[in-house]
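*Asks:*
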Amino acid sequence: MTYQDQCKATVISHKPQKKYIINLTYKGKEYLTDIYSKNGMLKSAIEGWVNPLSGLYPVDFNRDSTYELEGYQRIAGRYNADSIGFVQTVVKWNGQIFNLDRQNVVISGGEI
387 MTYQDQCKAT
397 VISHKPQKKY
407 IINLTYKGKE
417 YLTDIYSKNG
427 MLKSAIEGWV
437 NPLSGLYPVD
447 FNRDSTYELE
457 GYQRIAGRYN
467 ADSIGFVQTV
477 VKWNGQIFNL
487 DRQNVVISGG
497 EI
């Protein structure tokens with residue numbers, strides 16, 4: 387995970403090969419003021435990371451008695467407690483191996 391100018395962060399997934407862009411404005415003015423100048427430029431380069439798998443849950447999304455596995459990895463910002471969101475990955479069993487079904491990046495809502 388890499389912070390970008392204009393209050394954004396980029397998360398790169400290698401499988402599948404996707405780039406996710408997170409709008410960080412939900413984190414609030416105080417958070418953003420520490421990281422960005424008034425014109426939206428980073429004050430200094432910041433690298434976050436994606437934690438290893440932190441949760442794996444069986445879910446029958448299609449109600450067909452075949453359970454998929456839904457995994458979560460937390461996206462950390464400047465330090466581990468600085469949660470940016472989660473990578474959510476779903477894999478399906480094809481009878482021999484698990485195959486990637488879908489992947490999303492999810493964030494928590496901010497105050498209005």
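So the sequence shown is residues 387 to 498, counted in the numbering used here. Built from N, CA and C at the ideal position, the CB exists for glycine as well. These figures come from a predicted structure and were not determined experimentally.
Return the bridge partner residues of Ala-395 from the DSSP annotation.
*Replies:* Looking at the DSSP assignment, Ala-395 forms a beta bridge with Tyr-389, Ile-408.
*Asks:* Taking Leu-439 as part of the beta strand (DSSP E), name the residues at either end of that continuous run.
*Replies:* No beta strand (DSSP E) contains Leu-439, which DSSP labels as neither H nor E.
*Asks:* Would you call the stretch 400-412 and the stretch 442-457 in contact, with 3 or more CB pairs under 8 Å?
*Replies:* With the cut-off at 8 Å, the stretch 400-412 and the stretch 442-457 do not touch.
*Asks:* Rounded to whole angstroms, what's the CA-CA distance from Val-436 to Val-491? Just pull it up for me.
*Replies:* One C-alpha to the other measures close to 11 Å.
*Asks:* Which same chain residues, not among the five before or five after Val-477, have their C-beta less than 8 Å away from its C-beta?
*Replies:* Closer than 8 Å at Cβ, skipping near neighbours: Glu-454, Leu-455, Gly-457, Phe-484, Asn-485, Leu-486, Asp-487.
*Asks:* Sort out for me which residues DSSP pairs Ser-469 with in a bridge.
*Replies:* DSSP output for Ser-469 lists Ala-462 as bridge partner(s).
*Asks:* Using the C-alpha atoms, what's the distance from Gln-489 back to Tyr-406?
*Replies:* Taking the straight line from one Cα to the other gives about 10 Å.
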